[in-house]
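Right, one structure below, let's go through it.
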């Protein structure tokens, strides 16, 4: 096969197995034999093994399975067979532990149990903690009292004179009349506000109430009349994503810091705002009539607009946008070293935009250059695949998933990569995971972007996205990046399928040398991961 992909045109996965045996010339001149310490009985532990004589013979080293990603631009995955075999024997190893409870004020009271310690003294202790300890507590404490004390150590609150509960923040005026919260440590303040164990009244006044984080306009809203589900659509006016960057945020009165609090209706609401904004912008760009309504468009109105836009695009009218851009960073964390580890805030939110087809360029002879979007990467690959292999990629890919066989050859263990499936979409484990716990969502029919997705398909996509994030959370994932790989709007063939990738961040795999080369290291077989995910799916409401 000329292309670096694991999908064969026959509808099978191609994998390789490294079984290393080799000889290493030894150029060392000296032996630096040193004591490393002692065993419990006093016997010395030496480093003699590190200084062999002569050449080193490596025979029967641990096997490694190499799997090219289905899409060459995503690299290759290397599965450590020894570790994967252990997980196959005990799939419960594929999980992350629940974080231990932490209470600093409880520790202090226990430490000073024989002494009286006043609330004022505790407040002073919290104020005097080193900055790195404050950040560590802000991220890991499970004690609301810790978090309240930390919040008052760096923020200034307006409190109710009767209850003492916060009702707002103290602000200070900056240049050009901009009002900002009067915080003494902005990073600490934000970190505290993103901890689920902080009481909701503090979450609201510190970070959730509309306007408290700045002047971003709210330009859309979705409410469920039968529940507390409520979503605001924010415009990010000055963004690194130009020409309109939007965020569908769960509102201040619908606090969703954890996926176990997230409902399927919440997902429908956030995605509704994404569909509505995209369909309206595309229709206006194509000079189509857009119905106006203070409450936004109904599902029926959106479907009419979607069909009209799609038909107009197919007719050959120039399209100013190249593709959609959609993503979701779930989970916040901040290291004591002041490295932010993931999303900007814990309250669940999704982001979206439209990518322009071109961008002005003074150097280009044409006066413009193509604007980048990951949408084009899959399209370029499947064109090459068809040219080289003589068949379309996605039918071969779906066949390979359907006919999958285990990498270790076992026939008495799970074979399937599919986690969830209805008549339109599936959630599955990619044969080559780029995150150790990667999941993907894909339509079963050739729907390449959301303008090609009718109402039923959109509803199935929303359910599948909800199912995937819930399954990963039940395995212990606390930070997950989700992104959309859509088809470009100027492709009118039926070769490409829309794809969503779920990429959990793992505690021991921050991403470094190997990942920068698109070499992804894994310690389980994808079939075992899929089986564990199916087990967790049974507990997901509205799905199982």
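Residue numbers (the numbering used here): 2 to 545. Note that CB positions come from ideal geometry on N, CA and C, so glycine has one too. If you're wondering where the values come from, they're calculated on a predicted model, not measured in any experiment.
Looking only at DSSP bridge pairs, what is residue i linked to?
{"i": "residue 66", "result": "18 and 80"}
{"i": "residue 482", "result": "330 and 504"}
{"i": "residue 427", "result": "422 and 443"}
{"i": "residue 523", "result": "80"}
{"i": "residue 160", "result": "167"}
{"i": "residue 369", "result": "361"}
{"i": "residue 236", "result": "247"}
{"i": "residue 341", "result": "335"}
{"i": "residue 23", "result": "59"}
{"i": "residue 194", "result": "BP columns for residue 194 are empty, so no partner."}
{"i": "residue 354", "result": "246 and 326"}
{"i": "residue 36", "result": "47"}
{"i": "residue 510", "result": "507"}
{"i": "residue 223", "result": "232"}
Where does residue i land, buried or exposed, given buried means 16+ other C-beta within 10 angstroms?
{"i": "residue 219", "result": "exposed"}
{"i": "residue 470", "result": "buried"}
{"i": "residue 288", "result": "exposed"}
{"i": "residue 308", "result": "exposed"}
{"i": "residue 44", "result": "exposed"}
{"i": "residue 201", "result": "exposed"}
{"i": "residue 192", "result": "buried"}
{"i": "residue 160", "result": "exposed"}
{"i": "residue 453", "result": "buried"}
{"i": "residue 540", "result": "exposed"}
{"i": "residue 432", "result": "buried"}
{"i": "residue 531", "result": "buried"}
{"i": "residue 111", "result": "exposed"}
{"i": "residue 266", "result": "buried"}
{"i": "residue 290", "result": "exposed"}
To the nearest angstrom, how far is it from the Cα of residue i to the Cα of residue j?
{"i": "residue 235", "j": "residue 241", "result": "15 Å"}
{"i": "residue 306", "j": "residue 509", "result": "47 Å"}
{"i": "residue 495", "j": "residue 399", "result": "14 Å"}
{"i": "residue 437", "j": "residue 190", "result": "32 Å"}
{"i": "residue 408", "j": "residue 418", "result": "12 Å"}
{"i": "residue 491", "j": "residue 357", "result": "12 Å"}
{"i": "residue 435", "j": "residue 180", "result": "43 Å"}
{"i": "residue 33", "j": "residue 54", "result": "12 Å"}
{"i": "residue 375", "j": "residue 414", "result": "36 Å"}
{"i": "residue 455", "j": "residue 477", "result": "34 Å"}
{"i": "residue 93", "j": "residue 542", "result": "22 Å"}
{"i": "residue 528", "j": "residue 410", "result": "11 Å"}
{"i": "residue 39", "j": "residue 96", "result": "35 Å"}
{"i": "residue 59", "j": "residue 502", "result": "38 Å"}
{"i": "residue 184", "j": "residue 341", "result": "19 Å"}
{"i": "residue 114", "j": "residue 165", "result": "27 Å"}
{"i": "residue 232", "j": "residue 320", "result": "30 Å"}
{"i": "residue 390", "j": "residue 329", "result": "35 Å"}
{"i": "residue 360", "j": "residue 504", "result": "30 Å"}
{"i": "residue 222", "j": "residue 425", "result": "28 Å"}
{"i": "residue 243", "j": "residue 451", "result": "21 Å"}
{"i": "residue 569", "j": "residue 481", "result": "With the chain covering only 2 through 545, there is no way to say anything about residue 569."}
{"i": "residue 322", "j": "residue 263", "result": "32 Å"}
Got a sec? Which residues, its chain only, sit under 6 Å from residue i by beta carbon, not counting five neighbours each side?
{"i": "residue 283", "result": "310"}
{"i": "residue 105", "result": "138 and 147"}
{"i": "residue 544", "result": "468"}
{"i": "residue 13", "result": "401"}
{"i": "residue 487", "result": "324, 325, 376, 450 and 499"}
Among residues of its own chain, excluding the 5 on either side of residue i, which ones have a beta-carbon nearer than 7 Å to its beta-carbon?
{"i": "residue 154", "result": "127 and 128"}
{"i": "residue 135", "result": "151 and 189"}
{"i": "residue 275", "result": "249, 327, 351 and 353"}
{"i": "residue 82", "result": "63, 64, 65 and 66"}
{"i": "residue 303", "result": "276, 277 and 280"}
{"i": "residue 174", "result": "180"}
{"i": "residue 75", "result": "435 and 519"}
{"i": "residue 406", "result": "416"}
{"i": "residue 423", "result": "461"}
{"i": "residue 515", "result": "522"}
{"i": "residue 25", "result": "56, 57 and 59"}
On the premise that residue j lies in contact with residue i, defined as a C-beta separation below 8 Å, what is that separation, rounded to the nearest angstrom?
{"i": "residue 353", "j": "residue 313", "result": "Not a contact, Cβ separation roughly 21 Å."}
{"i": "residue 156", "j": "residue 138", "result": "With 8 Å as the limit, residue 156 and residue 138 do not qualify as a contact, their Cβ atoms being about 15 Å apart."}
{"i": "residue 526", "j": "residue 85", "result": "5 Å"}
{"i": "residue 394", "j": "residue 8", "result": "7 Å"}
{"i": "residue 142", "j": "residue 203", "result": "Not quite, the Cβ-Cβ distance comes to about 13 Å (not below 8 Å), so this is no contact."}
{"i": "residue 239", "j": "residue 333", "result": "In fact, because the Cβ distance is near 22 Å, the residues do not count as touching under 8 Å."}
{"i": "residue 16", "j": "residue 68", "result": "5 Å"}
What does a CB cutoff of less than 8 Å around residue i pick up in its chain, not counting 5 residues either side in sequence?
{"i": "residue 298", "result": "277, 280, 281, 292 and 306"}
{"i": "residue 575", "result": "Absent from the model: residue 575. The displayed extent of the chain is 2 to 545, so no value can be given."}
{"i": "residue 387", "result": "393, 394 and 496"}
Within 7 Å: the Cβ of residue i and any heavy atom of the ligand NAD?
{"i": "residue 518", "result": "Looking at this structure, you won't find the ligand NAD or any other ligand, since it has none at all."}
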